[in-house]
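2 protein chains.
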Amino acid sequence: MEPRRLIAFLTSVIGEQSVQAKKTTACRACPLVKFSHFRKFTPDEVAFVAQFKRGELSAERGATILLEGAHSAHLYTVLAGWGFRYKILDDGRRQILNYLLPGDLVGLQGSLLGEMQHSVEALTSMTLCVFERENLPELFRNHASLAYDVTWIAAQEERILDEHLLSVGRRSALERASYLLAFLHHRAKSVAELNGHDAIPITQQHIADTLGLSIVHTNKTLRKLAERKMIAWRDRGCAVLDVDGLADVAGWDAELPSLRPFI
Amino acid sequence: MEPRRLIAFLTSVIGEQSVQAKKTTACRACPLVKFSHFRKFTPDEVAFVAQFKRGELSAERGATILLEGAHSAHLYTVLAGWGFRYKILDDGRRQILNYLLPGDLVGLQGSLLGEMQHSVEALTSMTLCVFERENLPELFRNHASLAYDVTWIAAQEERILDEHLLSVGRRSALERASYLLAFLHHRAKSVAELNGHDAIPITQQHIADTLGLSIVHTNKTLRKLAERKMIAWRDRGCAVLDVDGLADVAGWDAELPSLRPFI
DNA sequence: CGCTTAGTTGAGTTCGTTCAACGACTGTGG
DNA sequence: CCACAGTCGTTGAACGAACTCAACTAAGCG
Numbered sequence: 029m030e031p032r033r034l035i036a037f038l039t040s041v042i043g044e045q046s047v048q049a050k051k052t053t054a055c056r057a058c059p060l061v062k063f064s065h066f067r068k069f070t071p072d073e074v075a076f077v078a079q080f081k082r083g084e085l086s087a088e089r090g091a092t093i094l095l096e097g098a099h100s101a102h103l104y105t106v107l108a109g110w111g112f113r114y115k116i117l118d119d120g121r122r123q124i125l126n127y128l129l130p131g132d133l134v135g136l137q138g139s140l141l142g143e144m145q146h147s148v149e150a151l152t153s154m155t156l157c158v159f160e161r162e163n164l165p166e167l168f169r170n171h172a173s174l175a176y177d178v179t180w181i182a183a184q185e186e187r188i189l190d191e192h193l194l195s196v197g198r199r200s201a202l203e204r205a206s207y208l209l210a211f212l213h214h215r216a217k218s219v220a221e222l223n224g225h226d227a228i229p230i231t232q233q234h235i236a237d238t239l240g241l242s243i244v245h246t247n248k249t250l251r252k253l254a255e256r257k258m259i260a261w262r263d264r265g266c267a268v269l270d271v272d273g274l275a276d277v278a279g280w281d282a283e284l285p286s287l288r289p290f291i
Numbered sequence: 029m030e031p032r033r034l035i036a037f038l039t040s041v042i043g044e045q046s047v048q049a050k051k052t053t054a055c056r057a058c059p060l061v062k063f064s065h066f067r068k069f070t071p072d073e074v075a076f077v078a079q080f081k082r083g084e085l086s087a088e089r090g091a092t093i094l095l096e097g098a099h100s101a102h103l104y105t106v107l108a109g110w111g112f113r114y115k116i117l118d119d120g121r122r123q124i125l126n127y128l129l130p131g132d133l134v135g136l137q138g139s140l141l142g143e144m145q146h147s148v149e150a151l152t153s154m155t156l157c158v159f160e161r162e163n164l165p166e167l168f169r170n171h172a173s174l175a176y177d178v179t180w181i182a183a184q185e186e187r188i189l190d191e192h193l194l195s196v197g198r199r200s201a202l203e204r205a206s207y208l209l210a211f212l213h214h215r216a217k218s219v220a221e222l223n224g225h226d227a228i229p230i231t232q233q234h235i236a237d238t239l240g241l242s243i244v245h246t247n248k249t250l251r252k253l254a255e256r257k258m259i260a261w262r263d264r265g266c267a268v269l270d271v272d273g274l275a276d277v278a279g280w281d282a283e284l285p286s287l288r289p290f291i
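First to last, the protein sequences are chains D and G.
With my numbering as the guide, the letters of the first sequence map in order to residues 29 to 291.
With my numbering as the guide, the letters of the second sequence map in order to residues 29 to 291.
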């Protein structure tokens, strides 16, 4: 690992300490329900989830929320903010696996398989709902519709990973970058995490680690997209100016938005 | 798409016709339970699964079992044989996403999200158990333990995709090849699909399309592993001679085998 | 005002690609 | 039984995409 990255990594782990638990948002007033993107709950379901919820967790940009190898007792849902999942090799090479936005489940793998096989870091300041892992069996026993939702979310994550794998494995650098930005823009839009022309809160290092490219080459590739006026760098992030253009370069079709469940 | 591959693709689709449905294996005599790898069922669960099962499907090597874009009414479990999931870009570039072995679920994404987002092809002759997609909600309603298993399997698949993505994104050609072969050997062993020193039934083209490399470079890379006596080509497949050596080259640790559920 | 973070750029090198052939093996029809 | 076609693995040569190294700029912050 290059020293710079090692230091950044250690800092982020220490940063985890800054995380605190406190309950603030009531489930019946969950801010996510207002998006047409999410399905509606029955009062019964809301009651269960409310009782299932243990508290809230806030994390600052750069904080590690979950660390590979940990046996966390918790399961989370993103309430606000951006994060990402990643794995690193022994020598520090990092691969970002996917991004986390409001409504996403965090730590399901750990809850089901025992140990976390990837780490999770906050990209902006985040708020997460905290659930007790050990209550998950009860959810499956007494709330089939919610269990179905959990599985739906897992299948959706799998679908996205399939697409990323296709991208990293078979697309050129320019296509990959285009796909990623179109994808992120599309996801952000559907949870209104981007109002109009906000920037996606990532650095070129994140993009490089997602695409499996070096920073230098990522920079040169993004430059080309910027020259074509498809993207622009501002506000510590990447603004997407022409989603259709990007999707076109990548040969990518966004799925029709389906009604997604969440917890 | 190069003509050869286009022809191979069309042939495989036509080959789908050769697939027939007939019920032969009773669930209570399911051949998979004898492996310590799978968890045991209660009589109640077996009864439900038996009634859930619609028949069996056999496919020859090269046959397409599911095609991207299809709205299949079915969900499958692999009973015997090898297969793989893949996606292709418009111009024919193919990315293999994962391999299917006995006990794996096929078509869950399609069942939950509506439409298949990837294709599935048989690598050897295969037998699959056929289930009706529309019975899935009943499974969630009345058999929480099985619903939990389905989710477990989905999480496991996600975990594997995470590892593949790390590999394709960040490992060198030699490391990638080593990881893939160690991984496949490990998986095959755990369902006794390889007896001792059988070969993994794939071609170098499959490996290339999994690793995101060209076939020529894949060949040269595999050659190096063969020279180190870690693998050998025989019986139309790849024999792994030194799993530990491969895992070592890749810097990969196989998970401790956990008791896996299946349907 | 110095320090850090993040984006930019050029030069030289390496890894992986494409093109093009060839050899070994298998199955098939005359 | 042989000829022939098809599949799959192998190899060399030339090329190009992406990498590393190294430096520099711009912006933000205590």
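Idealized CB from N, CA, C, for every residue including glycine.
Just how far apart, CA to CA, sit residue 136 of chain D and residue 86 of chain G? 34 Å
Quick one: which chain D residues come within Cβ less than 9 Å of residue 232 of chain G? The premise fails here: residue 232 of chain G is roughly 16 Å from chain D at the closest Cβ pair, so nothing lies under 9 Å.
In terms of residue numbering, what span does the beta strand (DSSP E) encompassing residue 76 of chain D cover? It is not in any beta strand (DSSP E) - residue 76 of chain D instead sits in the alpha helix (DSSP H) that spans 71-80.
Distance CB(residue 275 of chain G)-CB(residue 267 of chain G) smaller than 8 Å: no
Determine the closest residue to residue 210 of chain G out of G/134, G/180, G/277, G/229, with distance taken between C-alpha atoms. G/277
Assign residue 272 of chain G to one of three DSSP states: helix, strand, or coil. helix
Along the chain, where does the beta strand (DSSP E) containing residue 150 of chain D start, and where does it finish? 147-150
Would you decide whether residue 170 of chain D is buried or exposed? Buried here means 16 or more other CB atoms lie within 10 Å of its CB. exposed
Compare the Cα-Cα distances from residue 66 of chain D to each of D/197, D/181, D/213, D/196 and report the closest residue. D/181
Is it true that the CB of residue 233 of chain G sits closer than 8 Å to the CB of residue 190 of chain D? no
So residue 115 of chain G contacts chain D; which residues on that side make the cut at Cβ distance below 9 Å? 190, 191, 193, 194, 198
What residues from the segment 174-186 of chain D come within 7 Å of chain G, judged by C-beta to C-beta, listed N to C? 175, 176, 178, 179, 180, 182, 183, 184, 185, 186
Are residue 153 of chain G and residue 111 of chain G close, meaning C-beta to C-beta below 8 Å? no
Contact residues within the segment 268-279 of chain G, judged by C-beta distance below 9 Å to chain D: 279
For residue 64 of chain G, the three-state DSSP class (helix, strand or coil): coil
Chain-ordered chain G contacts of residue 168 of chain D [CB-CB under 9 Å]: 168, 172, 173, 175, 176, 179
Under the DSSP definition of a beta bridge, which residues are partnered with residue 288 of chain D? D/66
Just checking: is the beta-carbon of residue 145 of chain D within a distance shorter than 8 Å of some beta-carbon in chain G? yes
Could you confirm whether any beta carbon from chain D is found closer than 8 Å to the beta carbon of residue 137 of chain G? yes
Between the Cα of residue 216 of chain G and those of G/197, G/271, G/244, spot the shortest distance and give me the residue it belongs to. G/271
Are the beta-carbon atoms belonging to residue 94 of chain D and residue 219 of chain D less than 8 Å from one another? no
From residue 173 of chain D to residue 279 of chain G, what does the alpha carbon distance come to, in whole angstroms? 41 Å
Please determine if the segment 158-166 of chain G and the segment 234-246 of chain G are in contact, where contact requires at least 3 C-beta pairs separated by less than 8 Å. no
In whole angstroms, give me the CA-to-CA distance for residue 167 of chain G and residue 255 of chain G. 51 Å
What's the gap between the Cα of residue 198 of chain G and the Cα of residue 114 of chain G? 20 Å
Out of D/157, D/103, D/262, D/204, which one is the CA nearest neighbour of residue 235 of chain D? D/204
So with Cβ pairs under 8 Å, would you call residue 118 of chain D a contact of chain G? yes
Use the C-beta contact count for residue 122 of chain D: other C-beta atoms within 10 angstroms, 16 or more gives buried, fewer gives exposed. buried
Name the residue from G/119, G/96, G/92, G/165 whose alpha carbon lies nearest to the alpha carbon of residue 200 of chain D. G/119
Could you tell me which chain G residues have their CB closer than 9 Å to the CB of residue 121 of chain D, listed as they occur along the chain? 194, 197, 198, 199
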